[in-house]
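Asks: If you scroll down you'll find the structure; I have some questions about it.
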Amino acid sequence: MTEPLKNSEFGAALLNAGHQMPAGVIGPDGAPAPKRFNVYRNNVVVSLTEALAATYPTLQKLLGEEYFAALAREYIGKYPPKSPVLIWYGQELADFVESFPPLSTYPYLADVARFEWAWLQAYHAADQVALDPAALAEIAADALADIRFRAHAATHLLTSSWPIYDLLQANRFGACSPEDVDMKSAQSVLITRPDIEVVIKPLRSGGHEFFSALINGETLGLAAGVAMEKSSTFDLSANLSDALESGAFVEIL
Amino acid sequence: MGTLGAHYPAFARPLRAGVGLKLEHLPEILTQKDQVGFFEVHAENYMGAGGASHRALDVIRQAYPLSLHGVGLSIGGEGPLDEAHLSRLRDLNQRYEPFLFSDHLAWSTHDTSYFNDLLPVPYNKITLSRVCEHIDRVQEVVGRQMLLENPSTYVAFEQSTIGEIDFLKEIVRKTGCGLLLDVNNVHVSCTNQEWDAEAYLEAFPMQHVGEIHLGGHAPDVDDVGRPLLIDAHDREVDAAVWALFENVIARVGPIPTLVEWDNDIPAWDVLVSEAQAADSILDRAVRAQDLKQVG
Numbered sequence: 001m002t003e004p005l006k007n008s009e010f011g012a013a014l015l016n017a018g019h020q021m022p023a024g025v026i027g028p029d030g031a032p033a034p035k036r037f038n039v040y041r042n043n044v045v046v047s048l049t050e051a052l053a054a055t056y057p058t059l060q061k062l063l064g065e066e067y068f069a070a071l072a073r074e075y076i077g078k079y080p081p082k083s084p085v086l087i088w089y090g091q092e093l094a095d096f097v098e099s100f101p102p103l104s105t106y107p108y109l110a111d112v113a114r115f116e117w118a119w120l121q122a123y124h125a126a127d128q129v130a131l132d133p134a135a136l137a138e139i140a141a142d143a144l145a146d147i148r149f150r151a152h153a154a155t156h157l158l159t160s161s162w163p164i165y166d167l168l169q170a171n172r173f174g175a176c177s178p179e180d181v182d183m184k185s186a187q188s189v190l191i192t193r194p195d196i197e198v199v200i201k202p203l204r205s206g207g208h209e210f211f212s213a214l215i216n217g218e219t220l221g222l223a224a225g226v227a228m229e230k231s232s233t234f235d236l237s238a239n240l241s242d243a244l245e246s247g248a249f250v251e252i253l
Numbered sequence: 254m255g256t257l258g259a260h261y262p263a264f265a266r267p268l269r270a271g272v273g274l275k276l277e278h279l280p281e282i283l284t285q286k287d288q289v290g291f292f293e294v295h296a297e298n299y300m301g302a303g304g305a306s307h308r309a310l311d312v313i314r315q316a317y318p319l320s321l322h323g324v325g326l327s328i329g330g331e332g333p334l335d336e337a338h339l340s341r342l343r344d345l346n347q348r349y350e351p352f353l354f355s356d357h358l359a360w361s362t363h364d365t366s367y368f369n370d371l372l373p374v375p376y377n378k379i380t381l382s383r384v385c386e387h388i389d390r391v392q393e394v395v396g397r398q399m400l401l402e403n404p405s406t407y408v409a410f411e412q413s414t415i416g417e418i419d420f421l422k423e424i425v426r427k428t429g430c431g432l433l434l435d436v437n438n439v440h441v442s443c444t445n446q447e448w449d450a451e452a453y454l455e456a457f458p459m460q461h462v463g464e465i466h467l468g469g470h471a472p473d474v475d476d477v478g479r480p481l482l483i484d485a486h487d488r489e490v491d492a493a494v495w496a497l498f499e500n501v502i503a504r505v506g507p508i509p510t511l512v513e514w515d516n517d518i519p520a521w522d523v524l525v526s527e528a529q530a531a532d533s534i535l536d537r538a539v540r541a542q543d544l545k546q547v548g
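Taken in order, these protein sequences are the chains called A and V. Quick note: the first sequence uses the working numbering, first residue 1, plus one each step. Quick note: the second sequence uses the working numbering, first residue 254, plus one each step.
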């Protein structure tokens, strides 16, 4: 028998256009068939590019289809999927974009990618019932500072030096015009999913520190303290109301 | 995982056409009932923890028989199967109680890299025993029979020493798995490999076929200008594939049949009309079977 063909050879040639087609891959006449082999090469890159585009539609829109495809090709070669579950593919794309020299003049793109990854995680997160906002009324006033919250499995926070919430509202959700985005503002955003729809909420001044502490299991008192230290205009009652109304938490501990 | 063992309705095996479930069709599916006999989903698309995709599948499974079709097991791979993936497949089977469970005679994972394509397997004694070991393991973990789908291929291998049909027959004999006969794949592979599709289907072990797939393919040409068909699932079923399907059904009787359309997804009505075309062929066979029983 001819030396068995190794999947590793076939696989390496799939991901690297520079690699030679493995020996023994033939057409119906028994002759080597590189164009036929290229069907597999093309399928791999095109289908994984589509998977990335499904996760990162805004990044694709901002870069244009052609540029996104070229970026995806580089990324796929470096980070092929580790699992057949493609909703989990592409986690490293934000860091990859950040360190991709040709995109260094568009520093906000990495945060756009981070947002889209977090949005997808929220979309597929476990179903949990969000905390009823009325639950807070049952806590005695002198005990409030000591309560802790358990975050919903879908809850994610993202803080950015860029107007990340507005960029997504304009370019992904069509809620405003891209011309209206003030690129000089910095925003933080909460992403969660109390029921079936993903909810995104821009955070107020000090909100990122406040939510971050609560998600990490710190007490309400400590979270408020951390936020006030960061922001002189921190509004506790407005932020607490955001925390309850957004569905970002499931339980008071 | 929430609703393990939800105990969905146990429907009769549908001798009708089904379609692949696409969430964009959900509004029409929910308002226009019973347009199709069953739905099929790609298992890997339902391996997230929760959210809209599971909510939709739960609603569908309440009202329709479901077929669970894996695209990522890599049964033809050199390495051992991914045990975490097998556990997820077992959980999905327990959760949604599909009437069919299938994957492909192909490989897609090597070491830790997943290529997201159904890559071809050389057919010889080494690969045969490996495929059989893998199918044994799948059926052991998932706890039920699986159907193995015949591949669409673009290349052949010098390393192959066994014909595709004999390879499939041996797998069935050794593992007790069933077969998913993809008639479009037969047409695609037979064109690409210069085999006779009618002869292929004559030789196919039909008594083990639990499901049929139909789908669209894209025409291309190879290195020296020979026709090369690509299994694209992006258009209507080709006339040549309908003809092969009609012959198979006339010969062996009705079998649950899926119309696959995964890329450039059409409007719901277009997909339904493809399913109806398959239904009219299946209905004729159902009536012929009924007549035979009466006679």
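C-beta: ideal position from N, C-alpha, C; glycine also.
When the Cα of residue 19 of chain A is compared with those of A:47, A:26, A:242 and A:8, which residue comes out closest?
Replies: Closest option to residue 19 of chain A, Cα to Cα, is A:8.
Asks: Which of the three DSSP states is assigned to residue 102 of chain A in this structure?
Replies: DSSP places residue 102 of chain A in helix when its eight states are reduced to three.
Asks: For chain V, find out if any of its Cβ atoms is closer than 8 Å to the Cβ of residue 145 of chain A; answer yes or no.
Replies: No, residue 145 of chain A lies away from the interface with chain V (no Cβ there is under 8 Å from its Cβ).
Asks: Cβ closer than 8 Å: which chain V residues qualify as neighbours of residue 124 of chain A?
Replies: Under the 8 Å cutoff, chain V gives 301, 302, 303, 304 and 306.
Asks: From the beta carbon of residue 68 of chain A, is the nearest beta carbon of chain V less than 8 Å away?
Replies: Chain V contact via Cβ: absent.
Asks: In terms of residues, what are the limits of the beta strand (DSSP E) holding residue 369 of chain V?
Replies: Looking at the DSSP string, the run of the beta strand (DSSP E) that includes residue 369 of chain V is 366-372.
Asks: Suppose only complete runs of 4+ residues qualify. What are the alpha helix (DSSP H) ranges in the stretch 334-409 of chain V, listed by chain order?
Replies: Whole alpha helix (DSSP H) segments, 4+ residues: 336-349 and 378-395.
Asks: Return the residue from the list V:465, V:540, V:468 and V:385 that minimises the CA-CA distance to residue 430 of chain V.
Replies: Out of V:465, V:540, V:468 and V:385, V:385 has the C-alpha closest to the C-alpha of residue 430 of chain V.
Asks: Residues in the stretch 13-41 of chain A with C-beta within 7 Å of chain V's C-beta atoms, listed in sequence order?
Replies: The stretch 13-41 of chain A vs chain V, Cβ under 7 Å: 14, 24, 25, 26, 27, 28, 33, 34, 35, 36, 37, 39 and 40.
Asks: At 8 Å on the CB atoms, spell out the chain V contacts of residue 196 of chain A, in chain order.
Replies: Neighbours of residue 196 of chain A on chain V, chain order: 304, 305 and 308.
Asks: Quick check on residue 416 of chain V - is its C-beta less than 8 Å from some C-beta in chain A?
Replies: Chain A, which has no Cβ nearer than 8 Å to the Cβ of residue 416 of chain V, makes this no.
Asks: Using the Cα positions of residue 306 of chain V and residue 266 of chain V, report the straight-line distance between them to the nearest angstrom.
Replies: Using only the alpha carbons, I get a separation of about 24 Å.
Asks: What in chain V is Cβ-close to residue 207 of chain A, meaning under 8 Å?
Replies: The contacting residues do not exist; residue 207 of chain A stays about 25 Å from chain V at best.
Asks: Out of V:412, V:273 and V:440, state which residue places its alpha-carbon closest to the alpha-carbon of residue 405 of chain V.
Replies: Ranking the options by Cα distance to residue 405 of chain V, first place goes to V:440.
Asks: Is any beta-carbon of chain V found at less than 8 Å from that of residue 51 of chain A?
Replies: Chain V contact via Cβ: present.
Asks: Answer yes or no: does any C-beta atom of chain V fall closer than 8 Å to that of residue 57 of chain A?
Replies: Not an interface residue.
Asks: If distances are taken between C-alpha atoms only, which option among V:442, V:518, V:419 and V:516 comes closest to residue 28 of chain A?
Replies: Closest by alpha carbon: V:442.
Asks: Just reading off the alpha helix (DSSP H) that residue 73 of chain A is part of, what are its end residues?
Replies: 65-78 is the extent of the alpha helix (DSSP H) around residue 73 of chain A.
Asks: Take every Cβ of the stretch 484-500 of chain V, pair it with every Cβ of the stretch 461-473 of chain V, and state whether three or more of those distances are shorter than 8 Å.
Replies: Judged by Cβ distances under 8 Å, the stretch 484-500 of chain V makes contact with the stretch 461-473 of chain V, as three or more pairs qualify.
Asks: Skipping 5 residues on each side, what residues in its chain have a beta carbon closer than 8 Å to that of residue 195 of chain A?
Replies: Only 130 and 247 meet the Cβ criterion.
Asks: Tell me whether residue 450 of chain V is buried or exposed, calling it buried when 16 or more other Cβ atoms sit within 10 Å of its Cβ.
Replies: When all chains shown are included, residue 450 of chain V counts as buried.
Asks: Residues of chain A with CB closer than 7 Å to the CB of residue 483 of chain V, please, in chain order.
Replies: Result: 39.
Asks: Between residue 231 of chain A and residue 212 of chain A, how many whole angstroms is the CB-CB distance? I'm expecting something under 8 Å.
Replies: With 8 Å as the limit, residue 231 of chain A and residue 212 of chain A do not qualify as a contact, their Cβ atoms being about 13 Å apart.
Asks: Below 6 Å CB to CB, which residues in the same chain sit around residue 255 of chain V once its five sequence neighbours on both sides are set aside?
Replies: Residue confidence for residue 255 of chain V is low, a pLDDT of 44 falling below 50, so the modelled location carries little weight; the figure read from the coordinates is stated next. So the list is empty, once near-sequence residues are dropped.
Asks: Taking its Cβ as the centre, do 16 or more other Cβ atoms sit within 10 Å of residue 42 of chain A, making it buried, or is it exposed?
Replies: Per the 10 Å Cβ criterion, exposed.
Asks: Apart from the five residues on each side of it in sequence, which residues of its chain come closer than 7 Å, Cβ to Cβ, to residue 1 of chain A?
Replies: With a pLDDT of 45 at residue 1 of chain A, under the threshold of 50, the predicted position of this residue should be treated as unreliable, though the coordinate-derived value follows. Cβ neighbours of residue 1 of chain A beyond the five flanking positions: none.
Asks: Here's the rule I'm using: 16 or more other beta-carbon atoms within 10 Å means buried, otherwise exposed. How should residue 330 of chain V be labelled?
Replies: Flag for residue 330 of chain V reads buried.
Asks: Quick one, which of V:377, V:498 and V:518 has its alpha-carbon nearest residue 537 of chain V's?
Replies: Selected option, being the one with the closest Cα: V:498.
Asks: Taking contact to mean at least 3 C-beta pairs separated by less than 8 Å, is the stretch 155-165 of chain A in contact with the stretch 185-195 of chain A?
Replies: Yes: the two stretches touch, three or more of their Cβ pairs being nearer than 8 Å.
Asks: If you count every other CB in all the chains shown that lies within 10 Å of the CB of residue 37 of chain A, and 16 or more means buried, which is it?
Replies: The residue is buried, with at least 16 neighbouring Cβ atoms inside 10 Å.
Asks: Quick check on residue 323 of chain A: does DSSP put it in helix, strand or coil?
Replies: This structure leaves residue 323 of chain A out entirely; chain A is present only between 1 and 253.
Asks: With 8 Å set as the bound, which would you pick, yes or no: does the beta-carbon of residue 405 of chain V sit closer than that to a beta-carbon of chain A?
Replies: No - not a single Cβ of chain A is within 8 Å of the one on residue 405 of chain V.
Asks: Are at least three pairs of beta-carbons, each pair with one atom in the stretch 492-512 of chain V and one in the stretch 234-252 of chain A, less than 8 Å apart?
Replies: No contact exists between the stretch 492-512 of chain V and the stretch 234-252 of chain A.
Asks: Check the Cβ-Cβ distances between residue 47 of chain A and every residue of chain V, and say whether any is below 8 Å.
Replies: True, the Cβ-Cβ gap to chain V drops below 8 Å.
Asks: With distances taken between CB atoms, is the gap from residue 371 of chain V to residue 387 of chain V smaller than 8 Å?
Replies: No.
Asks: Expressed to the nearest angstrom, what Euclidean distance is found between the alpha-carbon atoms of residue 104 of chain A and residue 67 of chain A?
Replies: Each residue's alpha carbon lies about 14 Å from the other.
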